[in-house]
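Numbering (my numbering), first residue to last: 102 to 143.
Put into structure tokens, the structure is as follows:
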């Protein structure tokens with residue numbers, strides 16, 4: 102199940118990566134990794 106803590110961590114990671122100036126493809130790769138991580142923990 103998708104809980105608030107996971108969502109907060111996810112948002113934090115996105116913000117950190119936006120600040121570090123990742124490319125779109127790198128961001129998408131990271132999103133996929135986070136998404137699968139959350140799904141596997143569910």
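No residue lacks a Cβ here, since even glycine has one placed at the ideal position from N, Cα and C.
When the Cα atoms are used, residue 134 and residue 124 turn out to be separated by approximately 15 Å. In the three-state reduction of the DSSP assignment, residue 131 falls in the helix class, which pools H, G and I.
Our two residues, residue 136 and residue 117, have alpha carbons roughly 17 Å apart in a direct line. Spatial neighbours of residue 114 in its own chain (CB-CB distance under 8 Å, excluding positions within 5 residues in sequence) are listed in chain order as 131, 135. Residue 107 and residue 139 have their C-alpha atoms spaced approximately 7 Å apart.
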